Structures are given as structure tokens and as C-alpha cells.
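Peer 1: Could you have a look at this structure, given as C-alpha cells, before my questions?
Protein chains: 2
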Amino acid sequence: MRRILLIGIGTGDPAFVTMQAVTAINAADAFFVFDKGDDKAELIAVRQAILDRYATRKDVSLIAIGNPPRETNARYLEGVDAWHEARAVLLREAFHRHVPADGCGAFLVWGDPAIYDSTLRVVTRALAGMDDAPEIEIVPGISSIQILAARHRIGLNDIGEPILVTTGRQLREQGMPAPGVSVVVMLDGELACRELLGQGLTIYWGAALGGPDERLIAGALDDVIGDIVEARAKLRKQYGWVMDTYLLRRPAEPKT
Amino acid sequence: MRRILLIGIGTGDPAFVTMQAVTAINAADAFFVFDKGDDKAELIAVRQAILDRYATRKDVSLIAIGNPPRETNARYLEGVDAWHEARAVLLREAFHRHVPADGCGAFLVWGDPAIYDSTLRVVTRALAGMDDAPEIEIVPGISSIQILAARHRIGLNDIGEPILVTTGRQLREQGMPAPGVSVVVMLDGELACRELLGQGLTIYWGAALGGPDERLIAGALDDVIGDIVEARAKLRKQYGWVMDTYLLRRPAEPKT
């Protein structure tokens with residue numbers, strides 16, 4: 318039976334790979350990666366570096382699947398939907414071409430396949446259109462959220478309190494949740510926390526987490542926002558893009 | 318300089334250990350574990366199994382730190398506070414006795430040290446009382462949340478929507494959040510979702526995740542709650558305790 322593995326590889330540092338991921342890497346006949354354009358060529362290079370380091374078979378190939386054009390002007394969910402469908406078609410073709418019967422295809426997924434990653438959705442959609450659909454297996458990976466917390470030496474939650482993992486878009490629309498809730502923001506191209514000054518919030522920010530140019534900044538949001546804007550701009554200039562995440566907390570409430 | 322490492326080891330399966338964790342394991346002179354009583358002796362055994370598998374030095378010791386009595390009748394936060402302080406004192410003593418100057422002590426932390434785990438808090442508190450406080454380093458680990466998602470082959474979030482990671486206690490007090498938000502419940506000894514029947518919720522439940530007796534149940538909450546109660550009772554009978562976690566989602570809203 319054909320299988321398709323979604324293997325979480327952590328972010329930035331090949332040392333975040335788990336033993337289970339190494340085993341999975343060595344079970345695969347072909348690796349696929351969604352090409353997101355030149356500006357993210359580093360993400361492809363990181364996958365190749367992981368194969369070079371952990372794959373014992375040296376004949377496995379890393380196959381880039383083209384990036385369908387994205388209708389940025391379409392309504393958000395419709396745009397996402399059409400783009401996923403176009404990628405599913407491309408994946409189905411690539412899978413048929415490169416994975417033998419009884420073989421195993423794999424994706425090396427940045428971070429964890431279950432956290433704000435579309436690979437599973439695209440793969441599921443692609444399989445839905447196949448006569449001999451392979452079985453999906455998922456190998457969890459260390460997410461940037463976890464690296465953020467580790468580097469800042471903090472817990473993600475306050476004692477017994479919730480953690481809200483959300484996006485910049487949602488944070489802008491919803492604002493901060495109830496006191497006690499720690500907020501982790503991902504996929505925030507616009508640094509939505511800039512609109513939350515003057516509330517006494519604390520921020521733990523990290524960019525390029527796990528990589529050689531990792532940047533960490535923590536403190537009172539009002540005090541450090543300038544440093545964060547500057548650090549982000551510098552990374553964006555260096556790479557052409559920046560991946561960052563941050564945790565926000567309200568000031569400690571008197572516990573009653 | 319003395320160091321203390323908090324090493325996330327995933328849950329249930331030694332294959333969740335990362336390469337970085339293996340390196341950290343082999344840097345440590347002594348391992349500490351908080352003894353939580355006989356009923357969790359398996360948690361200690363799992364740590365020993367990880368050392369047997371990954372530690373190249375075979376002379377390292379796994380030192381149990383006694384479990385101070387917990388005032389279960391005290392108000393929740395005060396009780397947690399006194400218990401952490403008592404454990405900090407015990408850790409300080411054990412660290413001085415077992416870790417040489419310039420040496421390295423370590424904790425193998427179930428799951429991820431940043432997610433509903435008190436080790437970091439206790440260690441930070443213990444260090445605050447030391448003249449020659451070691452430096453803390455944290456190695457992220459795969460959390461049960463991630464294993465839950467991997468096993469059910471789901472993403473934790475709906476497209477572009479938040480994930481609320483919370484406790485059984487909080488879920489009971491706050492109920493379900495706004496539509497779109499996926500809710501992950503941890504530390505829920507009483508299966509608080511039993512109070513949320515009749516709302517059309519979907520549940521993805523898992524217990525003993527990563528281990529040989531892993532149980533998974535998914536479906537409409539109203540339909541599968543009986544199976545979950547039964548599976549939990551069976552595991553509790555077998556082990557004397559049960560560790561489970563689950564994801565709840567509201568029915569899909571028409572996207573507008």
C-alpha cells in the first residue's frame with residue numbers, strides 16, 4: 318500500500334528533528350516540496366540539508382511542486398480554496414510519477430504539520446481525487462511556538478490559564494482576550510501588536526527561530542516595539558522575507 | 318558555569334525525542350525527576366528507558382526528588398504556590414549534592430517544558446535562592462497536543478482561525494469560545510466536555526498518547542462520549558491513572 322508521510326522537521330535547526338522523523342525520512346522514496354517562489358528558496362535548501370544529514374539512501378529526490386498563482390484580490394477563503402485545489406492537482410501528478418506502487422512519498426513540513434500549515438489539507442484534497450489513494454501518516458515536529466518559549470525560558474501558559482494561538486489578522490479583529498490568557502501570534506506579516514500599545518502588555522518576540530540569525534526581544538510592548546520593528550526590517554532586508562512569532566501577556570492581575 | 322537543562326522528551330514513545338534532546342542528554346551529569354507517588358511510577362520508568370536508549374555515558378544517575386504533601390483543601394493558587402516552594406528547596410539540595418561545579422543537571426520533561434508543565438517554574442524558584450545559580454537551557458519536546466493531531470490526521474486550527482489550549486477547569490467555567498476557535502483541553506481529570514452535549518460539537522480524543530495502550534476516539538461529541546467514558550475508565554483501571562487530551566470544534570459555519 319502506498320503511503321504519504323507528512324514529517325514535521327522543526328524550524329531553522331536540523332537538531333529539532335525527532336528520531337521518529339529520521340525513521341520516516343528513511344522510509345520515503347521521494348520527497349515533495351511546494352515551491353513558494355524564489356524568496357523562500359531557503360526553505361527548500363533547509364529540506365535538502367536535512368536529507369543530506371539524515372537520509373541514508375542518497376538516491377532520493379526532492380521534487381518541487383510548482384506554485385499556482387494566488388488570487389490575492391479574491392475574497393480570503395475563496396482565494397485560499399482555489400489555490401489549494403490547484404496545488405492538489407499538481408501533487409497528484411507528481412505523486413503518480415515519482416512514487417512506485419507500495420512506495421512512500423513524503424513532505425518535510427516546516428514546524429509541525431498540525432499548526433497553521435496547509436500541507437495536510439492539500440494532500441487530503443489531492444488524495445480525494447485518486448483511485449488508489451495512499452494512506453496518510455503524520456510525524457509531529459517542533460513548532461516555532463515551542464522554540465520561542467524555549468529561547469525566552471518561559472512557559473506558554475500562566476498557571477492553570479489558557480493559551481490562545483492565533484493570527485495577526487485575528488488579533489487585529491478581536492483584540493486581546495480575557496486577562497490570564499496568554500496569546501501566541503503567528504502568520505503576522507504586519508506586526509498587529511503595534512495596535513495594542515498603552516495596555517501594559519508584555520511581549521516575547523522571536524524571528525528566524527532556530528536559525529543562525531535568530532533574533533529575540535522581550536519586555537514591555539510599549540518599550541520594545543521600536544526594537545522589534547527595526548529587527549524585523551533588518552531580517553527582511555537580509556532574506557527578502559521574515560518569519561516571526563510572539564507571545565503577549567497582560568500585566569499580572571492581583572490573584573484573588 | 319553550572320547549567321540546568323529542561324529537556325522535552327515527548328510522551329509515550331522514545332522516538333519522539335529530538336536530536337537536540339539526545340545531545341542535551343549526553344551533556345548532563347545527573348538527571349532529576351519529581352517523584353509524584355507510586356501511581357505515576359511509569360513516568361519515572363519512561364525516563365529511565367530514555368536514558369538507557371540515548372545516554373552514551375552509563376554512569377549517569379536518575380535522582381528522584383521527593384513529593385512534598387499538597388494541600389488539596391487550600392485555595393487553588395495558594396496550594397500550588399506552597400507546593401512549588403517546597404519542591405524548590407528539595408531540588409536545591411539535590412542539585413548541590415549531585416552536580417559538580419561546571420557540571421550540568423537535567424530534567425527529562427514529559428511533553429514540552431513550555432506547555433502546562435511546572436518544572437520550569439520550580440527550577441526558576443529554586444535557582445532564585447542559590448548563590449551560584451546555574452544557567453537554564455530549555456530543549457523543546459513534542460507535546461501530547463501534537464501527537465493527538467498527528468494520530469487523528471487533523472490540523473489543530475481551522476483555516477486562519479485560532480486554537481485555544483485550555484484546561485478542563487477553564488472549559489467548565491468559560492464554556493466554548495466563539496465559532497471558528499478550535500479548543501484543545503488538557504489536565505481534565507473530570508472530562509469537562511460531558512457538560513457540553515447537545516451543541517453539535519465534534520471531538521477528537523486521545524489517551525495514553527504515544528504509548529502501547531494509546532486510545533483514539535473521534536466523532537460527534539454526543540455520539541461518542543459514552544465510548545470515551547468507557548475507554549478512560551478502562552485505562553484508569555489498568556494504570557491507576559489516565560492522561561488524555563482532546564480537541565473540540567463547533568459545527569462548520571456557513572462561510573460568508
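Just so you know, the sequences run in chain order W and A. In case it helps, my numbering puts the first sequence at residues 318 to 573. In case it helps, my numbering puts the second sequence at residues 318 to 573. Even for Gly, the Cβ is constructed at its ideal location relative to N, Cα and C. Predicted, not measured: the structure shown is a model, and the values here were computed from it.
Buried or exposed: which applies to residue 466 (chain W), given that a residue is buried once 16 or more other Cβ atoms fall within 10 Å of its Cβ?
Peer 2: Within the first sequence, numbered from 1, the residue matching residue 466 (chain W) stands at position 149. By the 10 Å Cβ count, residue 466 (chain W) comes out buried.
Peer 1: Measure the C-alpha to C-alpha separation of residue 290 (chain A) and residue 431 (chain W) and round it to an integer number of angstroms.
Peer 2: Residue numbering for chain A in the displayed model covers 318 to 573; residue 290 (chain A) lies beyond these limits and cannot be assessed.
Peer 1: Closer than 9 Å, Cβ to any Cβ of chain W: which residues of the stretch 330-345 of chain A, in chain order?
Peer 2: Residues 330, 331, 332, 333, 334, 335, 336, 337, 338, 339, 340.
Peer 1: Leaving out the 5 sequence neighbours to the left and right, which residues in its chain are closer than 7 Å to residue 573 (chain A) when beta-carbon positions are compared?
Peer 2: Position 256 of the second sequence holds residue 573 (chain A). With a pLDDT of 48 at residue 573 (chain A), under the threshold of 50, the modelled position of this residue cannot be trusted; read the value that follows with caution. Hits under 7 Å: none found.
Peer 1: Does the Cβ of residue 560 (chain W) have 16 or more other Cβ atoms within 10 Å, making it buried, or fewer, making it exposed?
Peer 2: Counting from 1 along the first sequence, the entry for residue 560 (chain W) is found at position 243. Classification for residue 560 (chain W): buried.
Peer 1: Does the Cβ-Cβ distance between residue 283 (chain A) and residue 410 (chain A) come in under 7 Å?
Peer 2: The first residue shown for chain A is 318 and the last is 573, placing residue 283 (chain A) beyond what the model contains.
Peer 1: Establish whether the CB of residue 474 (chain W) and some CB of chain A are separated by less than 7 Å.
Peer 2: Counted from its first residue, the first sequence places residue 474 (chain W) at position 157. Chain A contact via Cβ: present.
Peer 1: Could you give the first and the last residue of the continuous alpha helix (DSSP H) run that contains residue 368 (chain A)?
Peer 2: Within the second sequence, residue 368 (chain A) is the residue found at index 51, counting from 1. Start and end: 358-371.
Peer 1: Strictly under 7 Å for the Cβ-Cβ distance: is residue 573 (chain A) near chain W by that measure?
Peer 2: As a position in the second sequence, residue 573 (chain A) is number 256, starting the count at 1. The predicted model places residue 573 (chain A) with a pLDDT of 48, which falls under 50 and marks its position as unreliable, so this point remains unresolved.
Peer 1: In chain W, which residues lie less than 7 Å from residue 481 (chain A) when you measure between Cβ atoms?
Peer 2: In the second sequence, residue 481 (chain A) corresponds to position 164, counting from 1. Result: 479, 481.
Peer 1: At the level of alpha carbons, what is the spacing between residue 325 (chain A) and residue 456 (chain A)?
Peer 2: What you label residue 325 (chain A) is simply residue 8 of the second sequence in a count that begins at 1. What you label residue 456 (chain A) is simply residue 139 of the second sequence in a count that begins at 1. In a straight line, the C-alpha of residue 325 (chain A) is about 6 Å away from that of residue 456 (chain A).
Peer 1: Determine, for residue 575 (chain W), whether the minimum Cβ-Cβ distance to residues of chain A falls below 7 Å.
Peer 2: Summary: the structure shown does not reach residue 575 (chain W), with chain W confined to residues 318 through 573, and so no result is reported for it.
Peer 1: So, is residue 546 (chain W) buried or exposed, given that buried needs 16 or more other C-beta atoms within 10 angstroms?
Peer 2: For the purposes of this step, residue 546 (chain W) is identified with residue 229 of the first sequence, where counting begins at 1. When all chains shown are included, residue 546 (chain W) counts as exposed.
Peer 1: Tell me whether residue 425 (chain W) is buried or exposed, calling it buried when 16 or more other Cβ atoms sit within 10 Å of its Cβ.
Peer 2: Indexing the first sequence from 1 puts residue 425 (chain W) at position 108. By the 10 Å Cβ count, residue 425 (chain W) comes out buried.
Peer 1: Give the straight-line distance between the Cα atoms of residue 506 (chain W) and residue 376 (chain A), rounded to the nearest whole angstrom.
Peer 2: Residue mapping note: residue 506 (chain W) aligns to position 189 of the first sequence, counting from 1. Residue mapping note: residue 376 (chain A) aligns to position 59 of the second sequence, counting from 1. Distance between the alpha carbons of residue 506 (chain W) and residue 376 (chain A) is about 49 Å.
Peer 1: One question on the structure: do residue 423 (chain A) and residue 348 (chain A) come within less than 7 Å of each other, judged by their Cβ atoms?
Peer 2: Here residue 423 (chain A) is taken as the residue at index 106 of the second sequence, counted from 1. Here residue 348 (chain A) is taken as the residue at index 31 of the second sequence, counted from 1. Yes, Cβ-Cβ distance for residue 423 (chain A) and residue 348 (chain A) is below 7 Å.
Peer 1: Residues in the same chain with beta-carbon distance under 7 Å from residue 460 (chain W), minus the five sequence neighbours each way, listed in chain order, please.
Peer 2: Start at 1 with the first residue of the first sequence, and residue 460 (chain W) comes out as number 143. Excluding residues within five positions, the ones whose Cβ falls inside 7 Å are 428, 429, 432.
Peer 1: State yes or no: is the C-beta of residue 527 (chain A) within less than 7 Å of the C-beta of residue 398 (chain A)?
Peer 2: Along the second sequence, one-based indexing puts residue 527 (chain A) at 210. Along the second sequence, one-based indexing puts residue 398 (chain A) at 81. No. Outside cutoff.
Peer 1: List the endpoints of the continuous beta strand (DSSP E) containing residue 566 (chain A).
Peer 2: Looking up residue 566 (chain A) in the second sequence gives position 249. Run containing residue 566 (chain A): 561-566, per the beta strand (DSSP E) assignment.
Peer 1: Taking the alpha carbon of residue 553 (chain A) as the point to measure from, which residue in A:567, A:531, A:540 has its own alpha carbon closest?
Peer 2: Stepping through the second sequence from its first residue, residue 553 (chain A) is reached at position 236. Answer by Cα proximity: A:531.
Peer 1: So what does residue 319 (chain A) bridge to, in DSSP terms?
Peer 2: Counting from one through the second sequence, the residue named residue 319 (chain A) turns up at place 2. Partner(s): none; residue 319 (chain A) has no beta bridge.
Peer 1: So what's residue 433 (chain A) in DSSP terms, helix, strand or just coil?
Peer 2: As a working mapping, residue 433 (chain A) is identified with position 116 in the second sequence. It is coil, neither helix nor strand.
Peer 1: Answer with yes or no whether the minimum CB distance from residue 563 (chain A) to chain W is below 7 Å.
Peer 2: Looking up residue 563 (chain A) in the second sequence gives position 246. Not closer than 7 Å to any Cβ of chain W, the Cβ of residue 563 (chain A) fails to qualify, so no.
Peer 1: Applying the 10 Å Cβ sphere with the 16-neighbour rule, what's the burial state of residue 328 (chain A)?
Peer 2: Here residue 328 (chain A) corresponds to residue number 11 of the second sequence, with the count starting at 1. Flag for residue 328 (chain A) reads buried.
Peer 1: Please identify the residue among A:435, A:478, A:482, A:566 whose C-alpha is closest to the C-alpha of residue 489 (chain W).
Peer 2: Taking the first sequence and counting its residues from 1, one reaches residue 489 (chain W) at position 172. Ranking the options by Cα distance to residue 489 (chain W), first place goes to A:478.
Peer 1: Taking 7 Å as the cut-off, decide whether the C-beta atoms of residue 442 (chain W) and residue 519 (chain W) are in contact.
Peer 2: Translated into positions along the first sequence, residue 442 (chain W) becomes position 125. Translated into positions along the first sequence, residue 519 (chain W) becomes position 202. Against a cut-off of 7 Å, the Cβ pair of residue 519 (chain W) and residue 442 (chain W) comes out as no contact.
Peer 1: On the DSSP letters alone, give me the boundaries of the beta strand (DSSP E) that residue 499 (chain A) sits inside.
Peer 2: What you label residue 499 (chain A) is simply residue 182 of the second sequence in a count that begins at 1. Element bounds for residue 499 (chain A): 499-503.
Peer 1: Between the stretch 450-461 of chain W and chain A, which residues of the former have CB atoms less than 7 Å from a CB of the latter, in chain order?
Peer 2: So the list reads 453, 455, 456, 457, 459, given in the order they occur along the chain.
Peer 1: Between the Cα of residue 525 (chain A) and those of A:563, A:537, A:481, spot the shortest distance and give me the residue it belongs to.
Peer 2: On the second sequence, residue 525 (chain A) is found 208 positions in, with the first residue counted as 1. Nearest C-alpha to residue 525 (chain A): A:563.
Peer 1: Using a threshold of 7 Å, state whether the C-beta atoms of residue 334 (chain W) and residue 336 (chain A) are closer than that.
Peer 2: Along the first sequence, one-based indexing puts residue 334 (chain W) at 17. Along the second sequence, one-based indexing puts residue 336 (chain A) at 19. Yes. Within cutoff.
Peer 1: Between residue 467 (chain A) and chain W, is the shortest Cβ-Cβ distance under 7 Å, so that the two count as touching?
Peer 2: Within the second sequence, residue 467 (chain A) is the residue found at index 150, counting from 1. At least one chain W Cβ lies under 7 Å of residue 467 (chain A).
Peer 1: For residue 452 (chain W), which residues does DSSP report across the bridge?
Peer 2: What you label residue 452 (chain W) is simply residue 135 of the first sequence in a count that begins at 1. In DSSP, residue 452 (chain W) forms a bridge with W:320.
Peer 1: At a CB-CB cut-off below 8 Å, which residues of chain W make contact with residue 487 (chain A)?
Peer 2: On the second sequence, position 170 is the one that residue 487 (chain A) refers to. Here the neighbours are 477, 478, 479.
Peer 1: Does residue 463 (chain A) have its Cβ less than 7 Å from a Cβ in chain W?
Peer 2: For this step, residue 463 (chain A) is matched to residue 146 along the second sequence. Closer than 7 Å: yes.
Peer 1: At a Cβ threshold of 7 Å, is residue 432 (chain A) touching chain W?
Peer 2: Walking along the second sequence from the start, residue 432 (chain A) turns up at place 115. Answer yes: the Cβ-Cβ gap between residue 432 (chain A) and chain W drops below 7 Å somewhere.
Peer 1: If you compare alpha carbons, which of A:501, A:339, A:543 is closest to residue 370 (chain A)?
Peer 2: Position 53 of the second sequence, counted from the start, is the residue given in the question as residue 370 (chain A). Checking every option, the nearest Cα to that of residue 370 (chain A) belongs to A:339.
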